[in-house]
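Worksheet: one structure, shown below.
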Amino acid sequence: MNIMIKKGAILALVFVVLLTIVGCNTTTYNESPHIIEASQLGPLLSKDDVVVIDARSEEDYAKGHLAGAINLTSAEVSISEPVPGIIAPKEQVEAVLGSKGITPDSEVYIYDNKDGIYAARIWWVMKVYGHENVKVVNGGEVAIVKEGLELSMNIPEIEPVQYTAKDMNTSMIATTDEVLEVVEGIEQAKILDVRSNAEYAEGTIPTSILYPHTNNVYTDGTFKSARDTYNDYSDLGLNRDDTIIIFCKTSVRAAQTALLLEEAGYENIIVYDGAWLEWSTKDVPMQEQSDEVVTPSAADGS
0 MNIMIKKGAI LALVFVVLLT IVGCNTTTYN ESPHIIEASQ LGPLLSKDDV VVIDARSEED
60 YAKGHLAGAI NLTSAEVSIS EPVPGIIAPK EQVEAVLGSK GITPDSEVYI YDNKDGIYAA
120 RIWWVMKVYG HENVKVVNGG EVAIVKEGLE LSMNIPEIEP VQYTAKDMNT SMIATTDEVL
180 EVVEGIEQAK ILDVRSNAEY AEGTIPTSIL YPHTNNVYTD GTFKSARDTY NDYSDLGLNR
240 DDTIIIFCKT SVRAAQTALL LEEAGYENII VYDGAWLEWS TKDVPMQEQS DEVVTPSAAD
300 GS
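Take the sequence shown: its letters are residues 0 to 301, numbered as in numbering that gives the first Met the number 0.
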């Protein structure tokens with residue numbers, strides 16, 4: 000009898016622990032200035048001033064998308080000089096957003112199917128040019144499907160408008176010279192490399208801290224909670240009042256990290272937009288390759 004009671008108590012304890020673990024992996028951004036839940040998105044879709052951006056590839060968009068969503072990729076608000084993936088100038092961003100029917104007053108919600116990296120990159124570009132009312136959908140395409148929102152293969156008709164952006168907020172962007180000043184100890188900041196372990200092993204910016212962007216999401220593809228994000232980055236030695244410069248290969252993945260660090264209360268987040276592609280072509284210090292270099296996979300991305 001006592002053995003059965005003990006077994007039952009153990010099973011009950013295991014069940015409670017499992018519920019706790021599952022609960023910790025459930026993120027809800029109901030009051031967020033930068034992230035929206037798919038459950039919150041549905042009631043907003045009928046509003047005249049709402050624009051939903053599908054930031055997936057044109058091929059994925061053509062196969063089916065949230066009804067009424069327009070397709071806009073991060074490449075459309077980027078240029079290829081001096082290195083691929085640099086944020087586009089104001090005039091180009093204005094032309095692209097206006098052609099998609101977006102005005103400075105539009106409520107913009109963005110989703111993708113890549114852990115939010117492409118959605119966050121467009122979010123970041125719009126923020127740099129002063130568009131405040133823009134959010135990323137937590138969980139992206141998967142969350143939209145799970146929520147049962149209407150999907151369609153129809154391409155909505157877009158009436159082009161005049162989009163007038165604010166001047167570029169250069170405080171959100173680090174240049175190579177500014178990163179170099181940090182490396183040389185002239186300026187105080189922490190450099191965060193969000194590429195993969197394999198990419199980092201092949202070389203990085205000296206003094207940088209490695210934390211792959213894939214660590215920012217739970218196994219179900221939703222963003223980690225602000226609390227979990229803070230705990231993770233605090234363990235790396237990053238304080239909320241630190242100046243943090245983030246980079247990856249072309250700083251697409253960096254934008255996702257910038258989004259979540261802002262959600263976690265970090266105050267001074269800067270993206271090195273030239274990223275590793277630019278740094279690796281300059282006459283600047285390099286951190287030597289690791290003795291154990293792992294070949295980057297196709298998933299290492301931008």
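Glycine included, C-beta positions come from ideal geometry on N, C-alpha and C.
Look at Asn70 here: in three-state DSSP terms it is strand. Straight-line spacing of the CA atoms in Gly63 and Leu44 works out to 17 Å. Contact check between the stretch 185-195 and the stretch 242-258: three or more CB pairs, one atom from each, fall below 8 Å, which counts as touching. Note: Asp114 is not bridge-paired with any residue in the DSSP secondary-structure output.
The DSSP assignment places complete beta strand (DSSP E) segments of no fewer than 3 residues inside the stretch 153-205 at 189-192, in order along the chain. Contact check between the stretch 269-276 and the stretch 162-179: three or more CB pairs, one atom from each, fall below 8 Å, which counts as touching.
Contact between Trp122 and Val135 holds: CB atoms are separated by about 5 Å, below the 8 Å threshold. Our two residues, Asn168 and Tyr128, have alpha carbons roughly 6 Å apart in a direct line. Proximity of the stretch 96-105 to the stretch 151-160 meets the contact definition, three or more beta-carbon pairs being nearer than 8 Å. Segment contact: the stretch 178-187 against the stretch 89-97, fewer than three CB-CB distances shorter than 8 Å; contact not assigned. Beta-bridge analysis with DSSP links Tyr108 to Val51, Lys134. In summary, Thr163 is exposed, with fewer than 16 beta-carbon neighbours lying within 10 Å of its beta-carbon over all protein chains present.
When C-alpha distances from Met125 are compared across Trp278, Ser250, Ile86, the shortest belongs to Ile86. Glu90 is the residue among Lys113, Glu90, Tyr199, Asp59 whose C-alpha sits nearest the C-alpha of Lys165. Look at Ile85 here: in three-state DSSP terms it is strand. Bounds of the alpha helix (DSSP H) holding Thr256 are 252-262. Between the beta-carbon of Gly41 and that of Glu146 there is about 7 Å, and that keeps the pair under the 8 Å contact cut. About 12 Å separates the Cβ atoms of Leu209 and Tyr232, ruling out a contact at the 8 Å cut-off.
CA-to-CA, the gap between Ala37 and Thr203 works out to about 37 Å. The bridge partners DSSP lists for Asn267 are Thr242. The three-state secondary structure of Val95, taken from DSSP, is helix. Under DSSP, the beta-bridge partners assigned to Gln286 are Thr203. Contact check for Thr228 against Ala263 passes: the beta carbons are separated by less than 8 Å.
The beta carbons of Leu65 and Val51 sit about 6 Å from each other, so the pair counts as a contact at 8 Å. When DSSP states are grouped into helix, strand and coil, His33 belongs to the coil group. A distance below 7 Å between beta-carbons, with the five flanking residues on each side excluded, links Thr249 to the following residues of its chain, in chain order: Pro83, Gly84, Ala274, Leu276, Ser301. Around the CB of Glu198, 16 or more other CB atoms lie within 10 Å, so the residue is classed as buried. Lys189 and Ala225 have their alpha carbons spaced roughly 20 Å apart. In the structure shown, the three-state DSSP call for Ile143 is helix.
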